[in-house]
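Chains as they are written, first to last, in my numbering: chain H, 30 to 153; chain S, 231 to 1005.
To start, the structure itself, in structure tokens.
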């Protein structure tokens, strides 16, 4: 039996985070939940997830900054999937320029997210 | 009179203070309490959300093919949540959770949320809100039921479409349209209130988001009594491209409301309702400017050439610029280029002469112009060429501009030379000297042209033409020169030179001679000036020129100058200086091989004293002696000793033959004294002459040596006492004062050192001073 992949979910909306957490865990991933950018940074100092799913708009440390941190400071090629609100295309473009692997817009379909995560991990 | 302060009852003040303080405290207490209650409630909600959220997740992602354990857990959760929902607060929190989640989720999860909302009978709470007398609760209930897609609420909500409370009414209108597809029809049929622009946009947005929506035929509402319904219907017709309402649209052109009229025109234009053209023309006169512009726009897109007459009439009659302009543009749309711009157009610019211009410019191309010039060189004067060149330059290519300018200058030069040569019969030797550098420049130009020959092959032929013409010109000049050499006898050559050369340098030399005379005086009398390099350089230059002047002066002129110099002492001084420097110039001339012959000739002239009479100087006393008696002559002789110089020596020598014995004896005494007095000066001048002689070879070195020699001979000592310095300011040696002041102004380090004369000189100065004092 294959070991569960570690997934870092960075989402400040607790309800959505818990719902996605539940769905991703049910999908076979070991999910670490972070409610803001600081928690993400702290976690990344101690652990290296297989994939990161992050909201763009987060307190203290935005998703864009997270990508920049992971790509330029940690020099890591961890797959990053960005969750963004509709009408926030500029941020999405910035995220892709900085090295985001994929993007999913709100309202989120948990099933769709699960598929995207699986696909990114397969790519790796 | 003093103004007494009003009496204030302090008890009342205290009471007021206590009352307001109490009110303030109460306010703070209320704020504190309510804030705590709100925060506590928020905390409770947050904590309750944390409990309910996983349960909702479980419900949302429950799958029918789940395991037995999962099924068991699901059933337990259902039981648990129903128990929780018995508490209103939990219902409220759960409703909030579901409302939030439906915003963030899409797809199947969202549908499950709607289902769960109704399964948990949370919509009943929303229905209760609809019965509330509070408009915000009603509005909130309508919104909740709309967001959770509770279709059962449609019948309840549609009753609020004509609610007198604006917020409830608008919320109900959106809910009605959202919940069911037929809601729009019901809304348009029943609404009695106006529909704001914002509301129309919201409703349109709702309709756009319907997945499989079949819009009703909105022409049905074009007959509505509600103006906003008609307007909204027109917009919906336009949005859904419902082209079955042409007749109604045409009829609406007659509507009193401009907004409806405008919307109808837009529909007519978009749908291409050609049958509306006549109506558009009919209503045009009664419309405002905006509608007129829209009608014209519609006519431009729908109209044909038959409609041009109408547009022309509008163009003629309409006073409004915008409408008139629009009519013209409409005419141009129907029949393009009927009207062309007329405002701000420069009518002087020819429109059909481009070919002529090209022909002209090609005819005036640099190559053509140069060929033309070469052909016309013999006929045209230089001034004419200049005038032409200015016009040519407008068309010149920058590459050839310099070459052509050079050609023009060269030809001008050549023309001048030839004309001078022909007119004045000048010596032929002068011509090559000025002419040869021009030739070399021409060669360089040709070399440069040769390097650029690859750029334009057409230039090569022109260059050949130029060379050919130049060669012919040159040969003609040389032939001319040779013929003149043959004609002019050799003995006249020198005369020609002497006549010719002063014309070249004479004017400048007069000025230079004056400068030289001043410098010469300073050089003789002052060692400091002698050490100034710049002055010496000038002097050397001037001395050379001076030698030229002397050698170039014809004999007759020299004689005349002697006569004139009798009247002009300055001029005479200059001549003597010229004589002084002649010898040095002769030696210097060896350095310049080209000028060697000329210089030799001139030196030969100078070496013969017969040719140039000896200049003895002009004394101011000479004139006085002619008119005065013997007594006066004796007094004047004393004055000569006081102020006299070399000029007076010559004059005194003439007095030795005077008829009066006293005068002769006195003149002899004064002459001896004066000669003794001037001995150092003369000696110094001789030294200076020697220096000048050796100057041209290695000027600076020898000047330094001569300076040292002169310094040794005169033996100058720095002045230590300022009083002694003042004592030098006699009439005879006042130049020392001038020199001193000059030295100070020059700020030259060499001149910083003050000098005093040797004791012998000082003795003479003292003697002079004594004489002056006695006088």
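Backbone N, C-alpha and C fix where the C-beta goes; we use that ideal spot for every residue, glycine too.
{"Check": "Just list the alpha helix (DSSP H) runs in the region 232-293 of chain S, keeping only unbroken ones of 4 residues or longer that don't cross its boundaries, in chain order.", "Outcome": "240-290"}
{"Check": "Taking the straight line between their C-alpha atoms, what separation do you get for residue 235(S) and residue 259(S)?", "Outcome": "39 Å"}
{"Check": "Quick check: residue 79(H) and residue 110(H), are their CB atoms within less than 8 Å of each other?", "Outcome": "no"}
{"Check": "Please classify residue 979(S): is it buried, with 16 or more other beta-carbons within 10 angstroms of its beta-carbon, or exposed?", "Outcome": "Because the pLDDT at residue 979(S) is just 41, under 50, the model does not fix this residue reliably, and the point stays unresolved."}
{"Check": "Tell me which residues of the region 315-339 of chain S have at least one Cβ-Cβ distance to chain H shorter than 7 Å, keeping chain order.", "Outcome": "327, 330, 331, 333, 334, 335, 336, 337, 338 and 339"}
{"Check": "Do you know whose CA, among 440(S), 344(S), 349(S) and 901(S), lies nearest residue 309(S)'s CA?", "Outcome": "349(S)"}
{"Check": "Given residue 459(S), which residues of its chain have a CB within under 6 Å of its CB, disregarding the five upstream and five downstream residues?", "Outcome": "418 and 451"}
{"Check": "Starting from residue 405(S), follow the alpha helix (DSSP H) in both directions and report where the run begins and ends.", "Outcome": "396-409"}
{"Check": "Anyone know if the C-beta pair for residue 103(H) and residue 143(H) falls short of 8 Å?", "Outcome": "no"}
{"Check": "Would you mind working out which of 364(S), 413(S) and 358(S) sits nearest residue 385(S), comparing C-alpha positions?", "Outcome": "413(S)"}
{"Check": "Is the separation between the beta-carbon of residue 329(S) and that of residue 315(S) shorter than 8 Å?", "Outcome": "no"}
{"Check": "Between the beta-carbon of residue 461(S) and the beta-carbon of residue 493(S), is there less than 8 Å?", "Outcome": "yes"}
{"Check": "Using 8 Å for Cβ pairs, my map puts residue 95(H) next to residue 69(H). What's the rounded Cβ distance?", "Outcome": "6 Å"}
{"Check": "Can you tell me where the beta strand (DSSP E) with residue 84(H) in it begins and where it stops?", "Outcome": "80-84"}
{"Check": "If you measure between the beta carbons of residue 371(S) and residue 388(S), is that distance less than 8 Å?", "Outcome": "no"}
{"Check": "Is residue 152(H) close to chain S, meaning its C-beta is less than 8 Å from at least one C-beta of that chain?", "Outcome": "no"}
{"Check": "By the DSSP assignment, the alpha helix (DSSP H) with residue 440(S) in it spans what residues?", "Outcome": "Counting along the chain, residue 440(S) falls outside any alpha helix (DSSP H), and DSSP gives it neither H nor E."}
{"Check": "What is the rounded straight-line gap between the Cα of residue 579(S) and the Cα of residue 565(S)?", "Outcome": "27 Å"}
{"Check": "Give me the Cα-Cα distance between residue 362(S) and residue 320(S), rounded to the nearest whole angstrom.", "Outcome": "21 Å"}
{"Check": "What does the alpha-carbon distance come out to for the pair residue 868(S) and residue 897(S)?", "Outcome": "9 Å"}
{"Check": "Between the Cα of residue 499(S) and those of 487(S), 327(S), 521(S) and 305(S), spot the shortest distance and give me the residue it belongs to.", "Outcome": "521(S)"}
{"Check": "Comparing alpha-carbon positions, which option in 376(S), 887(S), 290(S) and 423(S) lies nearest residue 337(S)?", "Outcome": "290(S)"}
{"Check": "From residue 334(S) to residue 283(S), what does the alpha carbon distance come to, in whole angstroms?", "Outcome": "14 Å"}
{"Check": "Between the region 855-864 of chain S and the region 877-897 of chain S, are three or more C-beta pairs nearer than 8 Å?", "Outcome": "yes"}
{"Check": "Determine the closest residue to residue 357(S) out of 860(S), 379(S) and 470(S), with distance taken between C-alpha atoms.", "Outcome": "379(S)"}
{"Check": "In chain S, what lies closer than 7 Å to residue 135(H) by C-beta?", "Outcome": "334"}
{"Check": "Identify, in the order they occur along the chain, each residue of the same chain with its Cβ nearer than 8 Å to the Cβ of residue 866(S), setting aside the five sequence neighbours on each side.", "Outcome": "851, 854, 855 and 858"}
{"Check": "To the nearest angstrom, how far is the alpha carbon of residue 557(S) from that of residue 526(S)?", "Outcome": "6 Å"}
{"Check": "Would you mind reading off the limits of the beta strand (DSSP E) that contains residue 133(H)?", "Outcome": "131-134"}
{"Check": "For residue 100(H) versus residue 122(H), is the C-beta spacing smaller than 8 Å?", "Outcome": "no"}
{"Check": "What does residue 37(H) pair with, by DSSP beta-bridge criteria?", "Outcome": "61(H) and 81(H)"}
{"Check": "Classify residue 318(S): buried if its beta carbon has 16 or more other beta carbons within 10 angstroms, exposed otherwise.", "Outcome": "exposed"}
{"Check": "On the DSSP bridge list, what partners appear for residue 137(H)?", "Outcome": "335(S)"}
{"Check": "Residue 279(S) versus chain H: which residues are under 8 Å apart at the beta carbon?", "Outcome": "43 and 44"}
{"Check": "Under 8 Å Cβ to Cβ from residue 553(S), same chain only, skipping five residues before and after it: list those, please.", "Outcome": "519, 522, 523, 526 and 544"}
{"Check": "Chain H beta carbons: is any one of them nearer than 8 Å to that of residue 284(S)?", "Outcome": "yes"}
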